[in-house]
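A.B. asks: So for the sequence shown, our numbering puts the first residue at 56; every next one is plus one.
This is the structure I have questions about; it appears just below.
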Amino acid sequence: VIRGNHESCARAGQGFWRFLDPRPLLAGRDCNDAADDAEGDYSDPYAVPLGRDAQLLVIDTSNTSWRGFKAGAPGMAKYRDQYRKLEALSQRAGHNIGVNHQPILAFRAEHLPDGKIDLRGGDAGLQQAFGSLNPLLLPPRIQVMLSGHVHLWQQVSFSSAHPTQFVSGFSGTAEDIVPLPARLAPGATPAPGAAVEHFSSWVDGFGFMTMERSGAAQWQVTVWNRRGEVENTCRVDGAKSVCALEQVPARPIAAPSVIDKSHE
Numbered sequence: 056v057i058r059g060n061h062e063s064c065a066r067a068g069q070g071f072w073r074f075l076d077p078r079p080l081l082a083g084r085d086c087n088d089a090a091d092d093a094e095g096d097y098s099d100p101y102a103v104p105l106g107r108d109a110q111l112l113v114i115d116t117s118n119t120s121w122r123g124f125k126a127g128a129p130g131m132a133k134y135r136d137q138y139r140k141l142e143a144l145s146q147r148a149g150h151n152i153g154v155n156h157q158p159i160l161a162f163r164a165e166h167l168p169d170g171k172i173d174l175r176g177g178d179a180g181l182q183q184a185f186g187s188l189n190p191l192l193l194p195p196r197i198q199v200m201l202s203g204h205v206h207l208w209q210q211v212s213f214s215s216a217h218p219t220q221f222v223s224g225f226s227g228t229a230e231d232i233v234p235l236p237a238r239l240a241p242g243a244t245p246a247p248g249a250a251v252e253h254f255s256s257w258v259d260g261f262g263f264m265t266m267e268r269s270g271a272a273q274w275q276v277t278v279w280n281r282r283g284e285v286e287n288t289c290r291v292d293g294a295k296s297v298c299a300l301e302q303v304p305a306r307p308i309a310a311p312s313v314i315d316k317s318h319e
C-alpha cells in the first residue's frame, strides 16, 4: 500500500497506520498526538518480493515538499536516511521497481495567470534530499519508478542513467486537464541532469495501467480506459521504456450502457 500526501498525520494518517500499512501499529508512529508527528509522518521503505530475482520497493514519501525543503527542515534528513535504506534494500534483488506517491522523474503542467502553460518537473523535496547523496536521484539497482499523485497517465524514459518513470494517477478522482505537450521541447527535463529519450502521456482520461512480466527485466505495460479497451502499450527493458503512442488523444469515453432488467 503506497502512502501519499493525503495520508500524512495532518490528514488521514491515523487511518493509514491502522487500516492500510502492513506493519504493526506502533505508539508514537500512529499520528495520534501531533507532538509525535516527526515520527508518524515518516517510515522506512520495505521490499515486496516478486520472484525471479525481482522486487517492489515501497517508499513512504507522504511528507515531502514539492517546492523543496527549507534549511533545517527535518524532512531533508529523514529522506536522506530513507535513500540509504532504499539502496540497502535494492541489493537483495537484481531487478527493482520503486513505488511511491509523488513522482520524482515526471512532468506536470499548470496554467499561469496569463493563460500560458508552465511545464514543471518532479518533486523538488525528494530531488533535493536524494540528489544530495546521488545526482541520479535513485539507487542504481532501481530500474523502474511507479508513482501517482499527478492525476494523469505518463511515461518517461531517459538516455541518461535514470530509471524509467511511470505515473498511473488516472483512476480514482478528478483528472488533471491542463494539457501536456505531445512532444517535449528540446532540453525539457523533469530533474537536473535527466535527459529525456521517450515520453508518452494521456491527459483527461480515466483508466488503469497493468504490467505483465515478459522476461527477467522486461515488462509489457498496457494502458486501459474505463471500458476495458486498450489506449496505449509500452515495453520496458531494464531501465528503459518506449510506448506505441507519444500521446493518447483526449476524447470523451461513453459510460457502459446499463440494461434495465427490472421487468424480468
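Here a beta-carbon is modelled for each residue, glycine too, at the ideal position from N, C-alpha and C.
Take the Cβ of residue 288 as the centre, count every other Cβ of all protein chains shown within 10 Å, and call the residue buried at 16 or more, exposed below.
C.D. replies: By one-based count along the sequence shown, residue 288 stands at place 233. It counts as exposed.
A.B. asks: How is residue 118 classed by DSSP in three states: helix, strand or coil?
C.D. replies: Within the sequence shown, residue 118 is the residue found at index 63, counting from 1. Residue 118 falls in the coil class under three-state DSSP.
A.B. asks: Which residues share a DSSP beta bridge with residue 263?
C.D. replies: If you number the sequence shown from 1, residue 263 lands on position 208. Its beta-bridge partners are 279.
A.B. asks: Quick one: grab the DSSP three-state call for residue 315.
C.D. replies: For the purposes of this step, residue 315 is taken as the residue at position 260 of the sequence shown. Note that residue 315 has pLDDT 45, beneath the 50 cutoff, so the model's placement of it is unreliable and the number below is only indicative. Note: residue 315 maps to coil in three-state DSSP.
A.B. asks: Within a Cβ cutoff of 7 Å, which residues of the same chain sit near residue 233, ignoring the five residues on either side of it in sequence?
C.D. replies: Translated into the one-based positions of the sequence shown, residue 233 becomes position 178. Taken in chain order, the residues that qualify are 164, 165, 166 and 172.
A.B. asks: Start and end of the alpha helix (DSSP H) containing residue 292?
C.D. replies: Translated into the one-based positions of the sequence shown, residue 292 becomes position 237. First-last for residue 292: 285-292, but that is the beta strand (DSSP E), not the alpha helix (DSSP H).
A.B. asks: For a quick check, are the C-beta atoms of residue 255 and residue 220 less than 8 Å apart?
C.D. replies: Counting from one through the sequence shown, the residue named residue 255 turns up at place 200. Counting from one through the sequence shown, the residue named residue 220 turns up at place 165. Contact check for residue 255 against residue 220 fails: the beta carbons are separated by 8 Å or more.
A.B. asks: Answer yes or no: do residue 249 and residue 296 have a C-beta to C-beta separation smaller than 8 Å?
C.D. replies: Position 194 of the sequence shown, counted from the start, is the residue given in the question as residue 249. Position 241 of the sequence shown, counted from the start, is the residue given in the question as residue 296. For residue 249 and residue 296, no; Cβs fall outside 8 Å.
A.B. asks: For residue 85 and residue 98, what's the separation of their Cα atoms in angstroms?
C.D. replies: The residue given as residue 85 occupies position 30 in the sequence shown. The residue given as residue 98 occupies position 43 in the sequence shown. Rounded to whole angstroms, residue 85 to residue 98 spans 11 Å at the Cα level.
A.B. asks: Can you check DSSP and say which residues form a bridge with residue 201?
C.D. replies: In the sequence shown, the residue the question calls residue 201 occupies position 146. According to DSSP, which records beta bridges pairwise, residue 201 is partnered with 154 and 221.
A.B. asks: Assign residue 146 to one of three DSSP states: helix, strand, or coil.
C.D. replies: Locating residue 146 in the sequence shown gives position 91, where the first residue counts as 1. Three-state result, residue 146: coil.
A.B. asks: Beta-carbon within less than 7 Å of residue 61's beta-carbon, same chain only, minus the 5 sequence neighbours each way: which residues are those?
C.D. replies: In the sequence shown, residue 61 corresponds to position 6, counting from 1. Contacts found: 67.
A.B. asks: Between the Cα of residue 239 and the Cα atoms of 226, 162, 281 and 145, which residue gives the shortest distance?
C.D. replies: Walking along the sequence shown from the start, residue 239 turns up at place 184. Comparing Cα positions, the closest option is 162.
A.B. asks: If contact is defined by three or more beta carbon pairs under 8 Å, each pair taking one atom from either stretch, is the region 127-140 in contact with the region 176-195?
C.D. replies: The region 176-195, when compared against the region 127-140, does touch it at the 8 Å Cβ threshold.
A.B. asks: Whole angstroms is fine: what's the gap from residue 265's alpha carbon to residue 96's?
C.D. replies: Working through the sequence shown from its first residue, we reach residue 265 at position 210. Working through the sequence shown from its first residue, we reach residue 96 at position 41. Straight through space, the alpha carbons of residue 96 and residue 265 are spaced by roughly 30 Å.
A.B. asks: Tell me whether residue 229 is buried or exposed, calling it buried when 16 or more other Cβ atoms sit within 10 Å of its Cβ.
C.D. replies: On the sequence shown, residue 229 is found 174 positions in, with the first residue counted as 1. Counting Cβ neighbours within 10 Å, residue 229 comes out exposed, since fewer than 16 surround it.
A.B. asks: Would you mind working out which of 195, 224, 177 and 83 sits nearest residue 123, comparing C-alpha positions?
C.D. replies: To locate residue 123, count along the sequence shown from 1; it is residue 68. Comparing C-alpha distances from residue 123 to each of 195, 224, 177 and 83 shows the shortest one belongs to 177.
A.B. asks: Mark residue 158 as exposed unless 16 or more other C-beta atoms lie within 10 angstroms of its C-beta, in which case mark it buried.
C.D. replies: In the sequence shown, residue 158 corresponds to position 103, counting from 1. Per the 10 Å Cβ criterion, buried.
A.B. asks: How many whole angstroms separate the CB atoms of residue 257 and residue 225, which I take to be in contact at a CB cut-off of 8 Å?
C.D. replies: One-based indexing of the sequence shown puts residue 257 at position 202. One-based indexing of the sequence shown puts residue 225 at position 170. Contact flag correct, Cβ pair sits at about 7 Å.
A.B. asks: Is the Cβ-Cβ distance between residue 197 and residue 113 less than 8 Å?
C.D. replies: Counting from 1 along the sequence shown, the entry for residue 197 is found at position 142. Counting from 1 along the sequence shown, the entry for residue 113 is found at position 58. It is not a contact, given that the beta carbons lie outside the stated cut-off.
A.B. asks: Less than 8 Å between the CB atoms is what I'm expecting for residue 83 and residue 130, so what's the real figure, rounded?
C.D. replies: Within the sequence shown, the letter at position 28 stands for residue 83. Within the sequence shown, the letter at position 75 stands for residue 130. Actually they are not in contact, since the Cβ atoms of residue 83 and residue 130 sit about 18 Å apart, beyond 8 Å.
A.B. asks: Suppose you measure from the CA of residue 259 to the CA of residue 277; what does that come to, to the nearest Å?
C.D. replies: Taking the sequence shown and counting its residues from 1, the one referred to as residue 259 is at position 204. Taking the sequence shown and counting its residues from 1, the one referred to as residue 277 is at position 222. Rounded to the nearest angstrom, the two C-alpha atoms are 17 Å apart.
A.B. asks: Return the first residue and the last residue of the alpha helix (DSSP H) that residue 181 is part of.
C.D. replies: The residue given as residue 181 occupies position 126 in the sequence shown. Where residue 181 is concerned, the enclosing alpha helix (DSSP H) stretches over 179-186.
A.B. asks: Out of curiosity, what's the CA-to-CA distance linking residue 91 and residue 72?
C.D. replies: Within the sequence shown, numbered from 1, the residue matching residue 91 stands at position 36. Within the sequence shown, numbered from 1, the residue matching residue 72 stands at position 17. So the alpha carbons of these two residues sit roughly 14 Å apart.
A.B. asks: For residue 101, which of helix, strand or coil comes out of DSSP?
C.D. replies: For this step, residue 101 is matched to residue 46 along the sequence shown. Strand.
A.B. asks: In this structure, does DSSP put residue 92 in helix, strand or coil?
C.D. replies: Taking the first residue of the sequence shown as 1, we reach residue 92 at position 37. In the structure shown, the three-state DSSP call for residue 92 is helix.
A.B. asks: Less than 8 Å between the C-beta atoms of residue 108 and residue 153, yes or no?
C.D. replies: If you number the sequence shown from 1, residue 108 lands on position 53. If you number the sequence shown from 1, residue 153 lands on position 98. No, they are not a contact pair.
A.B. asks: What would DSSP say about residue 73, mapped onto helix, strand or coil?
C.D. replies: As a working note, residue 73 is residue 18 in the sequence shown. In this structure, DSSP gives residue 73 a helical state, which the three-state scheme calls helix.
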